[in-house]
Every structure is written in C-alpha cells, then in structure tokens.
Amino acid sequence: MRRTVEDWILVLLGVQKDKPISGKLAFVKELFLLEKEVVPKIPGENESFEFYPYDYGPYSTKFARVLNELIRQGLVEAIPIPETKEKNFQFRLTEAGIVKAEEAMKKIPSDFLDLLARKRRGWDQLGHFGITRRVYSRYPEYTIRSKIREEVMR
24 MRRTVEDWIL
34 VLLGVQKDKP
44 ISGKLAFVKE
54 LFLLEKEVVP
64 KIPGENESFE
74 FYPYDYGPYS
84 TKFARVLNEL
94 IRQGLVEAIP
104 IPETKEKNFQ
114 FRLTEAGIVK
124 AEEAMKKIPS
134 DFLDLLARKR
144 RGWDQLGHFG
154 ITRRVYSRYP
164 EYTIRSKIRE
174 EVMR
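Counting in my numbering, the sequence shown runs from 24 upward without gaps.
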C-alpha cells in the first residue's frame, strides 16, 4: 500500500491531533526529518516529498501544494500566529481532517505510529531554532542555498 505526501502530512498532524505545528518552516523541517529518519524504517512504498536546498534549508513544493489543497478542502486549518514578525500560522487538523488522518494512519504499523508520536513530541520541543539547527547539522547538503546558515550554525 503506497503512502502519499498527503498521508504523511495528515499522519504527522494526526499523531498529536491536539497539538498544532507552529510555523510553516517547522512543519517542513519535521516532515523532512520524518522522510529522512523515520519513513525508511517503515515497510512499504512511500511517495517522496522531493526536498531540495532552498532559502531556509530543505523545502518541498509538493508539501506546499498538498498543504494548500488540504486547507482548501477544510481538512487542515491554518491559524494566524499573532505578534510574529512575518505572517505565520499554526497548522492543525479540523474534525474532517482527523477522520482523514485516522484513515492514513491505518496504512502504518502501530509500533511505527508510536515511534512517530515520540519523534513529533521531540521535534516540537526543539522549537523553531532547535529543529532548524538539527536539520542543518545533520544534512548540510540541504543548506547550500540557505540565507540563514551562518546564523543557525554559530
């Protein structure tokens, strides 16, 4: 059974359905770590996010396209974060999104869902700077176009 980019976005939000992911950059970094460090351990076929080096580290246009579609369909809610320098959002599942995420989670063995829930909690606890630093230190090949590499790696 093939797992899609949509499945992984829903699953990442679904393993902690009561806790939104704060910020698009953090969301991208968590999905990047998911694809690099968790997905290869899970049996089965998975669609790639096709990450590439960009202004703030790894980025995926597939992620952006699918996330926008999930928001348009009313499965994911983007809630503005007040008092941020740039327009930023928290992302969480809607009620319909929870149902869809539960369907996507059925494609993944339960022991891997437990692992993913633990990873998600850890990534969330790192915060924006911490997760960015982890990605930059472990995957420097994805920082070659970064505008913030020097600042992050100080």
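Ideal Cβ placement from N, Cα and C applies to all residues, glycine included. Everything numeric in this text was worked out from a predicted model, so none of it was measured.
The closest CA to that of residue 144, considering only 26, 37, 25, 28, is found on 37. Note on residue 41: under 16 other CB atoms within 10 angstroms of its CB, so exposed under the neighbour-count rule. In this structure, DSSP gives residue 96 a state outside helix and strand, which the three-state scheme calls coil.
In the three-state scheme derived from DSSP, where H, G and I count as helix and E and B as strand, residue 26 is classed as strand.
For residue 45 and residue 102, the gap between their C-alpha atoms comes out near 9 Å.
DSSP places residue 115 within a strand segment (E or B) once states are collapsed to three. Taking a C-beta distance under 9 Å as the contact criterion, residue 151 and residue 48 qualify as a contact pair. Around the beta carbon of residue 137, fewer than 16 other beta carbons lie within 10 angstroms, which makes this residue exposed. If you draw a straight line from the Cα of residue 26 to the Cα of residue 128, it comes to about 10 Å. For residue 79, there is no enclosing alpha helix (DSSP H), as DSSP marks it with neither H nor E.
Under the three-state reduction of DSSP, residue 63 is assigned to helix.
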